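This report concerns only the one structure given below.
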Amino acid sequence: MPTKTKVQRLPAEQMFQKEIDALIEAETESIPTGWKMSPKSVLTYITGGKVGKTVITPKYIGHKRLVEIAIATLVTDRALLLIGEPGTAKSWLSEHLTAAINGDSTKVIQGTAGTTEEQIRYSWNYAMLISQGPSLEAMLKSPVYHAMETGTIARLEEISRCASEVQDALISILSEKRISVPELGIEVPAQKGFSVIATANTRDKGVNEMSAALKRRFNIVVLPAPADLESEMDIVKTRVTQLSENLDLNAKLPEQEVIEKVCTIFRELRLGVTLDGKQKLKPTTGVLSTAEAISLLANSMALAGSFGNGTISDYDLAAGLQGAIVKDEEKDMLAWKEYLENILKKRGLKWSGLYKECKELNHG
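Be aware that the sequence shown starts at 0, since it is given in numbering that gives the first Met the number 0, and climbs by one per residue.
Dropping the structure here:
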């Protein structure tokens with residue numbers, strides 16, 4: 000279990016170092032070149048279990064077979080592309096895979112509209128370049144370059160946010176498994192164990208559509224949203240518990256009933272229908288993902304710890320819900336008010352307190 004630290008967010012390999020060390024120590028299976036542990040141990044680290052006296056907490060709660068496919072992909076020379084809706088734990092899974100496999104999840108490029116080809120390959124210290132000319136010392140190596148040199152895995156987050164020419168810089172790297180540096184007249188071959196894990200958001204489809212040539216270089220694993228309410232509640236509870244370990248929230252963990260309320264509201268507005276399937280709803284413009292439910296509950300704990308009695312109340316929850324659901328003031332407010340009056344109001348005593356607080360926040 001993660002321990003408290005002054006650092007705001009530790010990399011996964013430091014947060015769960017005891018678990019990784021225990022798995023490495025107990026290893027009996029064959030370990031691929033460049034890896035710290037066997038594929039079976041990586042699976043245990045990701046999906047949870049026990050090794051000796053050490054309990055391995057689940058990092059990803061979902062389809063075990065999808066995790067197996069992802070790990071098996073990385074054993075081969077294929078790159079891995081994780082695709083899904085926002086908040087389906089793509090980045091979380093990517094980070095933990097590299098933490099378990101290499102003991103280092105920090106070779107990461109965050110894809111944005113401003114990401115350049117140099118950030119994928121290499122750039123230069125221009126002061127040194129002008130004074131000394133091209134040299135290895137003047138070169139600034141990208142995370143992908145470092146991964147190729149060391150036979151490890153680089154992560155590329157939100158690849159579909161990058162411009163097409165930046166995406167295409169990956170094609171030769173993934174095909175040839177080497178980086179050419181014409182300024183120095185050298186080619187750097189990838190060491191065994193090198194790979195790339197990229198993530199792409201289905202909501203960004205069409206922003207910078209990946210070419211067929213690039214997609215062919217990846218094995219694609221689609222991470223679905225949680226299949227049912229119970230699965231989503233399980234994920235939310237696990238992650239809120241882990242988050243609270245490293246934050247001074249001064250509040251009790253949310254009760255099961257509180258988690259159920261948040262996940263129910265999010266699922267219904269996300270799907271556009273009540274959980275019993277009897278009533279259609281006006282969906283909101285936001286995604287209302289599992290990740291947002293986790294953030295909402297962490298924020299509610301902060302409100303309860305800082306300004307309440309340390310236990311999440313309907314008052315705390317209402318404030319978080321309003322902020323999470325109403326992204327577009329006009330459309331979302333209308334959908335949210337309709338949901339409150341047509342669904343929440345009629346759900347009985349268990350929901351009445353939350354309904355009143357939400358209605359109060361909307362000024363009636």
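Positions of the beta carbon are idealized from the N, C-alpha and C atoms, including for glycine. Predicted model only: the values in this text are computed from it and were never measured.
Cβ-based neighbour list, residue i, same chain, cut-off 7 Å, excluding 5 preceding and 5 following
{"i": "Asn393", "result": "Here the chain comprises residues numbered 0 to 363, so residue 393 is not present and cannot be evaluated."}
{"i": "Tyr314", "result": "Glu356"}
{"i": "Ala292", "result": "Val235, Val261, Cys262, Phe265"}
{"i": "Glu329", "result": "none"}
{"i": "Glu84", "result": "Thr201, Arg202, Ala224, Val286, Ser288"}
{"i": "Thr284", "result": "Lys326, Asp327, Lys330, Asp331"}
{"i": "Ile100", "result": "Trp34, Lys35, Val41, Leu73, Ile152"}
{"i": "Glu182", "result": "Pro133"}
{"i": "His26", "result": "The amino acid at residue 26 is misidentified as His; the sequence shows Glu. So the qualifying residues of the chain are Met36, Ser37, Ser40."}
Within-9 Å CB hit, residue i to chain B
{"i": "Ser194", "result": "Of the protein chains in the structure, only one exists, and it is not chain B."}
Distance, residue j Cα to residue i Cα
{"i": "Asn361", "j": "Ile45", "result": "42 Å"}
{"i": "Ile19", "j": "Ala323", "result": "35 Å"}
{"i": "Leu228", "j": "Gly271", "result": "15 Å"}
{"i": "Tyr354", "j": "Ala318", "result": "12 Å"}
{"i": "Ala199", "j": "Leu22", "result": "30 Å"}
{"i": "Ile178", "j": "Pro188", "result": "7 Å"}
{"i": "Pro142", "j": "Lys39", "result": "27 Å"}
{"i": "Leu287", "j": "Glu117", "result": "35 Å"}
{"i": "Gln220", "j": "Ile170", "result": "In the sequence on display, residue 220 carries Val and not Gln. Val220 and Ile170: Cα-Cα distance of roughly 19 Å."}
{"i": "Pro133", "j": "Glu186", "result": "15 Å"}
{"i": "Gly51", "j": "Lys35", "result": "18 Å"}
{"i": "Met332", "j": "Lys326", "result": "8 Å"}
{"i": "Glu282", "j": "Glu28", "result": "First, the residue type needs correcting, since residue 282 is Pro and not Glu in the sequence shown. Taking the straight line joining both Cα atoms gives about 49 Å."}
{"i": "Ala168", "j": "Glu175", "result": "12 Å"}
{"i": "Gly304", "j": "Glu148", "result": "47 Å"}
{"i": "Met0", "j": "Arg8", "result": "Low local confidence applies: a pLDDT of 49 at Met0 is under 50, so the model's placement there is unreliable, with the coordinate-based value given in what follows. C-alpha separation (whole angstroms): 14 Å."}
{"i": "Thr151", "j": "Lys191", "result": "8 Å"}
{"i": "Val6", "j": "Ser243", "result": "14 Å"}
{"i": "Ile119", "j": "Glu259", "result": "42 Å"}
{"i": "Leu173", "j": "Ser37", "result": "23 Å"}
{"i": "Lys358", "j": "Leu339", "result": "8 Å"}
{"i": "Thr43", "j": "Ser230", "result": "19 Å"}
{"i": "Leu65", "j": "Lys17", "result": "25 Å"}
{"i": "Arg269", "j": "Lys277", "result": "15 Å"}
{"i": "Glu337", "j": "Pro31", "result": "55 Å"}
{"i": "Arg215", "j": "Met209", "result": "10 Å"}
{"i": "Met14", "j": "Gly309", "result": "25 Å"}
{"i": "Asn245", "j": "Ser294", "result": "14 Å"}
{"i": "Leu73", "j": "Leu280", "result": "42 Å"}
{"i": "Lys89", "j": "Gly33", "result": "23 Å"}
{"i": "Gly184", "j": "Val195", "result": "25 Å"}
{"i": "Lys49", "j": "Ala226", "result": "25 Å"}
{"i": "Gly47", "j": "Glu24", "result": "17 Å"}
{"i": "Gly347", "j": "Leu222", "result": "35 Å"}
{"i": "Glu94", "j": "Asn218", "result": "17 Å"}
{"i": "Gly352", "j": "Gln241", "result": "28 Å"}
{"i": "Cys161", "j": "Ala211", "result": "16 Å"}
{"i": "Phe306", "j": "Leu316", "result": "13 Å"}
{"i": "Leu135", "j": "Leu96", "result": "30 Å"}
{"i": "Thr75", "j": "Tyr144", "result": "19 Å"}
{"i": "Asp275", "j": "Gln321", "result": "24 Å"}
Beta-carbon proximity list for residue i, same chain, < 6 Å, skipping 5 on both sides
{"i": "Gly363", "result": "Summary for Gly363: the model assigns pLDDT 48, below 50, so the residue's position carries little reliability; its value from the coordinates is reported in the next sentence. The answer is none, since no qualifying residue turns up."}
{"i": "Trp350", "result": "Leu343"}
{"i": "Thr273", "result": "Glu267"}
{"i": "Ala290", "result": "Gly86"}
{"i": "Leu248", "result": "Met300, Ala301, Gly304"}
{"i": "Leu213", "result": "Gln166, Ile170"}
{"i": "Phe193", "result": "Ala146, Met147, Gly150"}
{"i": "Ala98", "result": "Ala11, Glu12, Ser104"}
{"i": "Ala334", "result": "Lys281, Thr283"}
Integer-rounded CB distance, given that residue j should sit under 8 Å from residue i
{"i": "Ile82", "j": "Thr201", "result": "6 Å"}
{"i": "Gly102", "j": "Glu12", "result": "5 Å"}
{"i": "Lys115", "j": "Val165", "result": "Checking the sequence, you will find Thr at residue 115 rather than Lys. So it is a contact: roughly 6 Å between Cβ atoms."}
{"i": "Lys106", "j": "Ala146", "result": "5 Å"}
Residues of its chain near residue i, where Cβ-Cβ distance is below 8 Å and the 5 sequence neighbours each way are ignored
{"i": "Val180", "result": "Tyr121, Met138, Glu186, Val187"}
{"i": "Leu370", "result": "Any answer about residue 370 is impossible in this case: the structure gives the chain only from 0 up to 363."}
{"i": "Trp91", "result": "Lys58, Tyr59"}
Closer than 8 Å: residue i CB and nearest the ligand SAH heavy atom
{"i": "Val6", "result": "Annotation note on the ligand SAH: not contained in the displayed structure, which lists no ligands."}
The stretch 96-114 in contact with the stretch 145-164 per 3-pair CB rule at 8 Å: yes
Inter-stretch contact at 8 Å, needing at least 3 Cβ pairs: the stretch 227-240 / the stretch 54-64: yes
Every unbroken alpha helix (DSSP H) within the stretch 16-80, with a cutoff of 4 residues, ordered by chain: 16-24, 38-46, 63-74
Stretch pair the stretch 291-307 + the stretch 252-266: three plus CB contacts closer than 8 Å: Contact between the stretch 291-307 and the stretch 252-266 is established, with three or more Cβ pairs separated by less than 8 Å.
Every unbroken beta strand (DSSP E) within the stretch 105-190, with a cutoff of 3 residues, ordered by chain: For the stretch 105-190, the full-length beta strand (DSSP E) segments reaching 3 residues or more read 107-109, 121-123, 138-140, 152-156, 177-180, 185-188 along the chain.
Segment contact flag, the stretch 128-136 with the stretch 73-80, C-beta cutoff 8 Å, min 3 pairs: no
Start-end ranges of the alpha helix (DSSP H) lying completely within the stretch 271-328, minimum 4 residues: 289-306, 313-324
Continuous beta strand (DSSP E) assignments of at least 3 residues falling wholly in the stretch 203-275: 217-222
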